[in-house]
Each structure stands twice: as C-alpha cells, then as structure tokens.
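Residue numbers (this note's numbering), protein chains in the order written: chain A, 1 to 438; chain B, 439 to 971.
For every residue, glycine included, the Cβ atom is placed at its ideal position computed from N, Cα and C.
All of these numbers come straight from a predicted model, not from anything done at the bench.
Working notes for the structure below.
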Amino acid sequence: MINRRSLIAACGAFGFSAAFRTAQADQPHTPQAVLCNWYKLVLKLVRHTPTYSPPVASRSFAYLGITAFEAAAGGSEELRSLAGQLNGLDGIPRRETVQTHDEALVIHAALAFAVRNFFGNTGPTGQRVMKKFEEKLFAELSEGLGAEVIQRSVAHGRAVAAHVLDWSAGDGGAVIENMGFPHDFELTPGAGKWVPTSLIAQQQMPLLPDWGQNRTFAIATGASCPLPEPPAYSEDKSSSFYREALEVYDTTRALTDEQKLIARFWSDDPMLSPTPPGHWVAIAIHILERDKAGLAMTADTLARLGIALSDAFVACWHAKFEFDLLRPVTYIRRHIDAAWEPLLITPPFPEYPSGHSTQSGAAADVLTAVFGDNFAFVDATHERDGMAPRAFPSFWAAAQEAGISRLYGGIHFRAAIARGLDQGRCVAQHVNSLRTRT
Amino acid sequence: MMRAACCILCTVILMQPAGAQNGPAVPSFVDETASSGVNSAYTGDWEYMVGGGVAVFDCNSDGFEDMLVAGGEAMAKFYVNDSPRGGALKFTAQQSGLELDKVTGAYPLDIDSDGTMDVMLLRVGENVAMRGLGGCKFERANEAWGFDGGDAWSTSIAATWEKGNRWPTIAIGNYIDRAAEMEPWGSCTDNWLHRPDTQQNKFAAPLPLKPSYCPLSLMFTDWSRSGTPDLRVSNDREYYEGGQEQMWKIAPGEAPVLYTEAEGWKYLRIWGMGIASYDVDFDGYPEYFLTSMADNKLQTLAEVPKEGKPKPTYKDIAFARGVTAHRPFMGDDLKPSTAWHTQFDDVNNDGRVDLFIAKGNVAEMPDFAMKDPNNLLLQGADGKFVEAADKAGVASTAVSRGGALADFNLDGLLDIVVVNRWQPAQLWRNTTADAGNWIEVKLAQNAPNRDAIGAWLEVTRGETVMRREIIVGGGHASGQAGWIHMGLGGAAEVSVRVQWPDGTWSGSHSVRANSFIILDGAKAAAMPWTPPR
Numbered sequence: 001m002i003n004r005r006s007l008i009a010a011c012g013a014f015g016f017s018a019a020f021r022t023a024q025a026d027q028p029h030t031p032q033a034v035l036c037n038w039y040k041l042v043l044k045l046v047r048h049t050p051t052y053s054p055p056v057a058s059r060s061f062a063y064l065g066i067t068a069f070e071a072a073a074g075g076s077e078e079l080r081s082l083a084g085q086l087n088g089l090d091g092i093p094r095r096e097t098v099q100t101h102d103e104a105l106v107i108h109a110a111l112a113f114a115v116r117n118f119f120g121n122t123g124p125t126g127q128r129v130m131k132k133f134e135e136k137l138f139a140e141l142s143e144g145l146g147a148e149v150i151q152r153s154v155a156h157g158r159a160v161a162a163h164v165l166d167w168s169a170g171d172g173g174a175v176i177e178n179m180g181f182p183h184d185f186e187l188t189p190g191a192g193k194w195v196p197t198s199l200i201a202q203q204q205m206p207l208l209p210d211w212g213q214n215r216t217f218a219i220a221t222g223a224s225c226p227l228p229e230p231p232a233y234s235e236d237k238s239s240s241f242y243r244e245a246l247e248v249y250d251t252t253r254a255l256t257d258e259q260k261l262i263a264r265f266w267s268d269d270p271m272l273s274p275t276p277p278g279h280w281v282a283i284a285i286h287i288l289e290r291d292k293a294g295l296a297m298t299a300d301t302l303a304r305l306g307i308a309l310s311d312a313f314v315a316c317w318h319a320k321f322e323f324d325l326l327r328p329v330t331y332i333r334r335h336i337d338a339a340w341e342p343l344l345i346t347p348p349f350p351e352y353p354s355g356h357s358t359q360s361g362a363a364a365d366v367l368t369a370v371f372g373d374n375f376a377f378v379d380a381t382h383e384r385d386g387m388a389p390r391a392f393p394s395f396w397a398a399a400q401e402a403g404i405s406r407l408y409g410g411i412h413f414r415a416a417i418a419r420g421l422d423q424g425r426c427v428a429q430h431v432n433s434l435r436t437r438t
Numbered sequence: 439m440m441r442a443a444c445c446i447l448c449t450v451i452l453m454q455p456a457g458a459q460n461g462p463a464v465p466s467f468v469d470e471t472a473s474s475g476v477n478s479a480y481t482g483d484w485e486y487m488v489g490g491g492v493a494v495f496d497c498n499s500d501g502f503e504d505m506l507v508a509g510g511e512a513m514a515k516f517y518v519n520d521s522p523r524g525g526a527l528k529f530t531a532q533q534s535g536l537e538l539d540k541v542t543g544a545y546p547l548d549i550d551s552d553g554t555m556d557v558m559l560l561r562v563g564e565n566v567a568m569r570g571l572g573g574c575k576f577e578r579a580n581e582a583w584g585f586d587g588g589d590a591w592s593t594s595i596a597a598t599w600e601k602g603n604r605w606p607t608i609a610i611g612n613y614i615d616r617a618a619e620m621e622p623w624g625s626c627t628d629n630w631l632h633r634p635d636t637q638q639n640k641f642a643a644p645l646p647l648k649p650s651y652c653p654l655s656l657m658f659t660d661w662s663r664s665g666t667p668d669l670r671v672s673n674d675r676e677y678y679e680g681g682q683e684q685m686w687k688i689a690p691g692e693a694p695v696l697y698t699e700a701e702g703w704k705y706l707r708i709w710g711m712g713i714a715s716y717d718v719d720f721d722g723y724p725e726y727f728l729t730s731m732a733d734n735k736l737q738t739l740a741e742v743p744k745e746g747k748p749k750p751t752y753k754d755i756a757f758a759r760g761v762t763a764h765r766p767f768m769g770d771d772l773k774p775s776t777a778w779h780t781q782f783d784d785v786n787n788d789g790r791v792d793l794f795i796a797k798g799n800v801a802e803m804p805d806f807a808m809k810d811p812n813n814l815l816l817q818g819a820d821g822k823f824v825e826a827a828d829k830a831g832v833a834s835t836a837v838s839r840g841g842a843l844a845d846f847n848l849d850g851l852l853d854i855v856v857v858n859r860w861q862p863a864q865l866w867r868n869t870t871a872d873a874g875n876w877i878e879v880k881l882a883q884n885a886p887n888r889d890a891i892g893a894w895l896e897v898t899r900g901e902t903v904m905r906r907e908i909i910v911g912g913g914h915a916s917g918q919a920g921w922i923h924m925g926l927g928g929a930a931e932v933s934v935r936v937q938w939p940d941g942t943w944s945g946s947h948s949v950r951a952n953s954f955i956i957l958d959g960a961k962a963a964a965m966p967w968t969p970p971r
C-alpha cells in the first residue's frame, strides 16, 4: 500500500467544538482524521434525528463502525475482515489493486454513503450539514490526486458501504415507525408489570418492543446473554422488592449535589444528547484523538465498540420484554409516596435490566480490551451542554457510575443495574473474541 | 383567591349553547380562500423553515381587520379588508409600504402611542419597525425611533409597557447563526431586549438576553397576577445546547433575571414553537399551551396558595385535557405531528375557550407526518377538548405555520387565516348557524400604551368569570390587534370590567350580548360601536 496520507499517524487534532472545521486543523486529511470527523458529525446527527432512540443509535454505530472497518481492512495489512465472523456478513467487495487507492478518500466515500443512508430521515438542517460536509471534505481530499485514483477510491468506499447497508436491511431494525412507538400494544396484566409512565400520548406504548428479536452481530441472538429473574414482585414491606424500591425512594430524597450531577451526566436523553451509546463513542473518539491512534486502531476500536453497543441493546431489550417489570415511579407512587417525583424522566419501556448499564458494561469491557486495564481518561462529552468533564480511573469505573446514575435518577432499581452490567460483560466477551487483527 | 372564585361545575350549569347537549357544538367553516382575494405563500428554503406569520389589525379605522402576510423570500403582502358585515370574506391587495422581503413574522403594535397602528416586521436580516401613517400606509422608522434592527434570523417578538415608561419594551427572539453552516447546532444567537432610552421617545441599544436558546415564541405575561409581566420564552431544543424553556423576570429599571429551579421553575426541554395563553380553568391565572413536535404541553400552575403569589411551577395537563394533538387525527399518516401557531379562542361562542393549532412538516422530515391536519379542539363542559377540525371544515393538510383567529366580517363569529409554506395562505369563514352569544371589546386609554397592552379583560356571567390578558406576542410569528372576542353561551347580558395595565380596575359595565363595545380608560361609560357596513 502506497499512500501519502496513510503515513501520517495522527487521528486528527480537532476539538469537539471544531468538529467540522477540517481546513483549520493541522492534520485533517489522514484517513483516521476523516473517520473521526465523520463520527463527530454522526454524534450530532444522532442527537438531531428524532428516530434515534438509544437502541436505534447503537445499531447505526455498529454498521458505521463495520463499514469503516471493512473499508480500511481492504487496504490494511493489520486488519482482518469481519466477514464470516458476524452474523450474516460475508462477501465484502475487494479492491482491484491495492496500490492505487487513497485511504482517506476510501474512508470518506464509505462513511459519506453510509451516513447519508443511515441518517436519511434527519431534518433539513442535518441534510444541509451532511451535504456541505461531504462536499467540502471531498474537495479537500481530492486535491492533488489523479482522476483515476479518485474514481477508484470513491467507488471502492461506496461499494463496501453499499454491501454493509444491504446486509443491514434484513436485521429487523431498519425501519422505525412513529419514532419507535407501536400504534397498538397489549400491556401485560399483573401488578408487577410495566405500565406507561409518561404524560406524552405517543409514549403510552413501550419503545421498540420487538427490538430484542433483531439479528445480532457477535452474539448468536438476543437471548444469548440471559439474566436471572429480577427480585420477585411483592408489595410486602419485608420483601426484597419493596426494599429495593425503598432504596430508590430514600436515595432520591436525599441526593447530594454530586449524585444529582452524576444522574444528569449520564442521563444521555435522546434528542438532547448523543444518547448513551453515543456517549461511549464520544469517549472513544476523544481517547483515539488524544493518543494519536492510527487508522487500524481507530477503525478497530469503533467497529468493536459499535458492535458491542448494538448487541447489548438487543440483549437488554430481549430481557426487558421477557420480564416486563414496572418502573420505580409506578411502584413508589402506588405503595410508598403518591407524590414522589424522580429526578430524571422515566424512559417509556420496562425496567429490568437497565439499558444504560448493559451497554456501559459492554462498552467498558471492549474499551478495556483495546486500551488496557485502569486506563484513566476524562469524559468531556457534555461540555458544550454546560456539564463539566468528569475524570475516571478506568472504563469500568465509568460504567459503574453510569449504572448507579440510574438509581440516583430514580428510574431503576439496584438489581437492574448490577445485572445489566453483568449482561454487558457477557456481550463484550463475544465481541472481544472477534479476530480483527491479522 | 381567584382560583376559588368559581368552579367548572358553575360554568357547566351556566353555559347552555345550542347543540351542546352531547359535547361541544361543532362550528361550520367555509373555505373562502379562492374568492377572498388573498393569494400569498410563505416561500424560501432553509432560512424560512420557521416563521410564516400573519399580522391582523385595522389600519383604516373601519373596524374591519386588515392583514399582512409574511412572504419569506418573496415580498410580504398587505390586504385591506373589504368584507361586508356577515358576508363572504373579501380582501384586496394594496401597497402599504409593508411589502418587504425576508419577512418571517409580523406583529401590530402602536409603538409611538399616536393612535395609529404600527407594525413590527421580523426578518431574516434586519428587523424593521414600520410607523403607521393612517390609511394603511406605513414607513420605515428604525432611524427615527432608534430601533436597531440588527442582522439575525428573527423568529419571535413580544412587547409590553414597563411601569412608568412612555415607550414600549420589545423582546426579539433570534434563531440559529446563519453563518454556522457546518455546525448550526449550538449556534443560537442572542435574543434582544429593546427598552426605551432615557428620553422615553425612542429605543436604547438592545440588551442581549444571555443565554439565548433559539426561541420560536415569546410572550410578556403576568403569569402570577403580580401586576408586572415577565417574559416567557419557548425554545427550540433542536438547536440549543444546555438550554431549556425560560422565563425572565423583567422588573422595571432592572436587568432581566432568569427564574431558577430554586424558585420553582421546572426544567423542560421541548421543540418550542408557539405559545398560547388563556385562563382556561377560570381560576384567574393563565394556562399556557406550548406547541412542539409530538409533545405539546398544556401547562397550569402546580399550586396556587390561598394568599396568591404562586411559584412558577407548572404541571402538564395536556393528556388529561385531551390536547396532546401529537399525531394526525385523520387520514392514514400516523406519524408524529409538528405544531406551530396556536391560539385559544371561542369558535362556537359557547363560553368555553377552544384551541386552534396550525400543523405542518418542517420540510421533508419523513419521520414526521407529511399530511398533518390543523387541529380545532373544542372544549367541552367537562373541561376536556375534542377534535373537530374535520367536521368544522378546517382540517387542511397544507404545510402550515402562522395563523390567526379573527372576526373578519364582524358577525360575532371567529374566522381563521393560516399561512402555509410554499402554498397559498388559507381563509375560512365561520358560518356556524347555532353558535352562542358573544361580545367584542376594544380597549383604549390615553397615551402611552393606547391599546392597553397588559390589561386583563373580565367578563362575568352569573358566577362564571372569564378572563383574558391583552398581549402582544406568542403564537408563531403572528400577531393581532383589534376586537377582543368572547363567547357567551346563552347569556343575554354580561358584566364587563378591565384591569388596566397600571393595575387599576374599571367599573363594571353591563353589556348586551351580540354587540361591540369600546372601553376607554378615560371615559366612565362603555361606548357601543356599530360596524359601518
């Protein structure tokens, strides 16, 4: 492989606030910088595309990561294709001749195609930004390249992306109607079963009740990381269930400022943040840029992280609708304090396990496998929303904080958090078993 | 105390509008767009995805309300109202001086208190204060009035007269930084507060309202009945970072200060697009309807202490009252709705205020309904609202934005105008045969603030007290001045009084139903008025 850009190791030196000012950065045209910058745009689009609830976002992160990975793997001696390793993925288009591709342009073309398709439903502002971003970056990357190289690189990037897009169409998650809320859904009868908690009419149905049946990537099915049953439902004050509810109630009534801050830091509300999976992607990008990771490292990390996040959501949703447990707000108002208000808005779907915990557990173990144990980092994901960065001694510490934030927020019982983290670790084991390197 | 003054039960007993035995009487509207003479579309691309307002006001002193329709990229169009009383709606396009391009919204406001209506034009670019010259002619007055029109994407406006001032205070809401092509999110530009200068005959330099979060509707409103209105701001969460809904304390002579969580203001983040206010539950305090995308809110005070002075804590009763309007109520497009202009008014004159919502996709947002009918939600005796736009004949699925409910032909029935993106504005004449009784009131006082902005109008029928605040602001890019319409149900006579902006009360005036009156703060008696044609 001969390519002037691939010799530059830095992933791009953009801060998040300058995500798209490609011409001003010192190394904006390395393939890894191109990849990071597309991801930064994706984080914005996730926030501003109404169908992008956390499960939907995680799915796109998986496909975008695989797209970039396969586009990079075709020209890399370090990366090994995931074809044959992920459920239903094979036949990745091969390059005609390795020597005459521009890696940055391949990545750009692949991501441009994929992002345009995965975010085809975004609003007029997102459409406008995508178009301008693609045009500007293409012009910059093409400068000084021969027409044949440009044509060949773009064609290959698009071919890989189109192949992945075709594959994605059959996983059960490609079409999202009514922002993920079914028009009809029969609630399960029973005192301990989930009931709507929102005053928003659309959310009288649970979000994406069939998501747990989607095709997975690295785990066999949504049932591959099963959980024990939650504590047996009971209204008896001496029961474990009541004690868990009382813990939520007591904790939320005496929250410290730090606990409130933690709850809000990990709240990651859809349409107001990059969502929980986007939060972990933002962490990864920040580290990859800080450590000037190369293309192989960047593509490998983002692919594995995306796969883990997506499989975690499928596994979690499978369990949520298997157990169909009611939320703390329902139980506490019925049996402890009718006027209780949780700090966070209760999400419109069953409680057990905690989705943020499952996906954080998965993300933490995948990132630990990539970067190592006790890898300290600073999480500045929400800095532009006025929340100060938080420092963590390890990915697992961050995942645990993400988990307990849901108890502070009053939206999960403790068991859902602990077992969610366990479920995430199970998913990560499968992902970490993938062979991504030659 | 006002909350205890009456109850819904009393109201139910007193109101007996025709046809109301089985739910609210459904009004009838006739689409007179084609014959009305109004032919104006709100045009333009990305920078005109919001806005699209209409100003409704009388500028030739015939009592019939004329209108200015924002054109977006195209010129705004002014129409003089030639409708015969009670007849078909007739408008004639006329050069007025208001025909500027890049107009997103328009609000009538007698800025210089000379008794001739002026018009504030919101624009993509420089906002323009247009001085009324009489006879529906206007001239630019930015320089004469020291009004700095700036250069922003202006989307909303509200006005008040702060106590002791002879010149109005105007708040302007600004949207995205147009230059931030690659990163528009988080680029909300400053809103402005234009206060009078020390001479009180023109504006001082505008004060930036920091932080600003891309509002699409502003409203000065005396939410606590303290006598001093505050500034409510409904913000579009699509573009802000770290933002939320806001309310500014606007104390005369002091810097604006935001209400805080510690004071009771609750953290709420919606795609705020329009505000309507009205004392829906007859407790003396206004409720607020906030339009959004699939998540409209009807807010009422969470608690009103017996001694008054409530905290600014609101709870959402949209679901309980049946006004979520979260998706199309008809047709086969069941995707979420996008709501813009909204207005409380009584379209069937049953004495219960109804709610109109203009709907329309932002632009090619396939996750949201493309055929999104406007809502006409009628309030029933139980305080719940039921949809009637289709039965009433106003369920247009055009891509709507601004609008107004106004009695264009002075027959006591509110007509509707809606401005549409890329398609002609639409007019519907209210032809309801069995509507209840009504009165229409115009307020006047000596300068300044000739139109008594900030006053409260009270109409009493038996033990039912209907109240509405006189405001300039709210809705979506659309303002009104002129007759204040109140439906009366079966009441043949009502008692009317006014709390003037300075806090003083007028005497009570006994007014016959189905009549127009002018209440002038300088005169003891209510003056009856008869349409000239």
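Check, Outcome
"Starting from D733(B), find everything on chain A with Cβ-Cβ shorter than 7 angstroms and list it in chain order.", "I200"
"Are there 16 or more other CB atoms within 10 angstroms of the CB of S948(B), so buried, or fewer, so exposed?", "exposed"
"List the endpoints of the continuous alpha helix (DSSP H) containing Y444(A).", "It is not possible to answer for residue 444(A), since the shown part of chain A is limited to 1 through 438."
"Would you mind sorting F185(A) into buried or exposed? The rule is 16 or more other CB atoms within 10 Å of its CB.", "exposed"
"Any contact between the stretch 369-383 of chain A and the stretch 313-321 of chain A? By contact I mean 3 or more CB pairs, one from each, below 8 angstroms.", "no"
"Using a cut-off of 9 angstroms between C-beta atoms, extract the partners of M711(B) located in chain A.", "Going along chain A, no residue has its Cβ under 9 angstroms from M711(B), so there is no contact; the nearest lies around 13 angstroms."
"Could you name the residues of chain E that E619(B) contacts, counting a contact when the two beta carbons are closer than 7 angstroms?", "Here the protein chains are A and B, and chain E is not one of them."
"Count the other C-beta atoms from every protein chain shown that fall within 10 angstroms of the C-beta of A23(A), then say buried if there are 16 or more, exposed otherwise.", "Here the model assigns A23(A) a pLDDT of 33, short of 50, so the residue's position is not dependable, and the following value carries that caveat. A23(A) is exposed by the Cβ-count criterion."
"When you compare the CB of K44(A) with every CB in chain B, is at least one pair closer than 8 angstroms?", "yes"
"Let me check understanding here. Comparing Cα to Cα, which of L367(A), S198(A), I332(A) lies closest to W340(A)?", "I332(A)"
"Just to make sure I have the definition right: I need the residues of chain B whose C-beta is within less than 7 angstroms of the C-beta of L272(A). Which are they?", "R675, R707"
"Does the beta-carbon of G602(B) have 16 or more other beta-carbons within 10 angstroms, so that it is buried, or is it exposed?", "exposed"
"So, is A399(A) buried or exposed, given that buried needs 16 or more other C-beta atoms within 10 angstroms?", "buried"
"Are the CB atoms of I891(B) and P939(B) within a distance shorter than 8 angstroms?", "yes"
"Assign L35(A) to one of three DSSP states: helix, strand, or coil.", "helix"
"Cα-Cα, which of G928(B), G490(B), E931(B), M904(B) is closest to I922(B)?", "M904(B)"
"Taking the beta carbon of M768(B) as the centre, do at least 16 other beta carbons fall within 10 Å, making it buried, or is it exposed?", "exposed"
"Under the three-state reduction of DSSP, which class applies to G170(A): helix, strand or coil?", "coil"
"In terms of DSSP beta bridges, what is W866(B) paired with?", "D469(B), I854(B)"
"Grab the span of the beta strand (DSSP E) containing F658(B) for me, first residue to last.", "653-659"
"Within the 8 angstroms Cβ cut-off, does M808(B) reach chain A?", "no"
"Spell out whether any CB of chain B is found under 8 angstroms from the CB atom of A13(A).", "A caution first: A13(A) carries a pLDDT of 33, below 50, which makes its placement in the model unreliable, though a value can still be read off. Not one chain B Cβ lies under 8 angstroms of A13(A)."
"Under the assumption that A579(B) contacts A567(B) (Cβ atoms under 8 angstroms), give the Cβ distance between them as a whole number of angstroms.", "5 angstroms"
"What does the Cβ neighbour count give for T30(A), buried or exposed, with the cut at 16 atoms within 10 Å?", "buried"
"Could you have a look at L772(B) and say whether DSSP puts it in helix, strand or coil?", "coil"
"Which stretch, first to last residue, makes up the beta strand (DSSP E) that contains M568(B)?", "566-572"
"Taking 7 angstroms as the limit between beta carbons, can you name the residues of its chain near P206(A), skipping five residues before and five after?", "F185, W194, P348, F349, P350"
"Counting only C-beta atoms, is H335(A) closer than 8 angstroms to chain B at any point?", "no"
"Contact criterion: CB-CB distance below 8 angstroms. Does P653(B) meet it with respect to chain A?", "no"
"Kindly identify the DSSP beta-bridge partner or partners of E907(B).", "W894(B)"
"Near A964(B), what residues of its chain come up, given a Cβ to Cβ distance below 8 angstroms and the 5 sequence neighbours on each side ignored?", "V934, H947, V949, I955, I956, L957"
"Looking only at its own chain, which residues have a Cβ that is under 6 angstroms from the Cβ of R21(A), when we skip the five neighbours before and after it?", "Its pLDDT being 38, under 50, R21(A) is placed unreliably in this model, and the value from its coordinates should be taken loosely. The answer is none, since no qualifying residue turns up."
"In terms of alpha-carbon separation, which member of L45(A), K44(A), L305(A) lies closest to F217(A)?", "L305(A)"
"Are the stretch 653-673 of chain B and the stretch 700-714 of chain B touching, with three or more C-beta to C-beta distances below 8 angstroms?", "yes"
"Any residues in the stretch 367-399 of chain A with a beta carbon nearer than 9 angstroms to a beta carbon of chain B? Which ones, in chain order?", "H382, R384, D385, G386, M387"
"What distance in whole Å lies between the Cβ atoms of D805(B) and N87(A), which are believed to be in contact at a cut-off of 8 angstroms?", "Between D805(B) and N87(A) the Cβ distance is about 27 angstroms, and since that is not below 8 angstroms, they are no contact."
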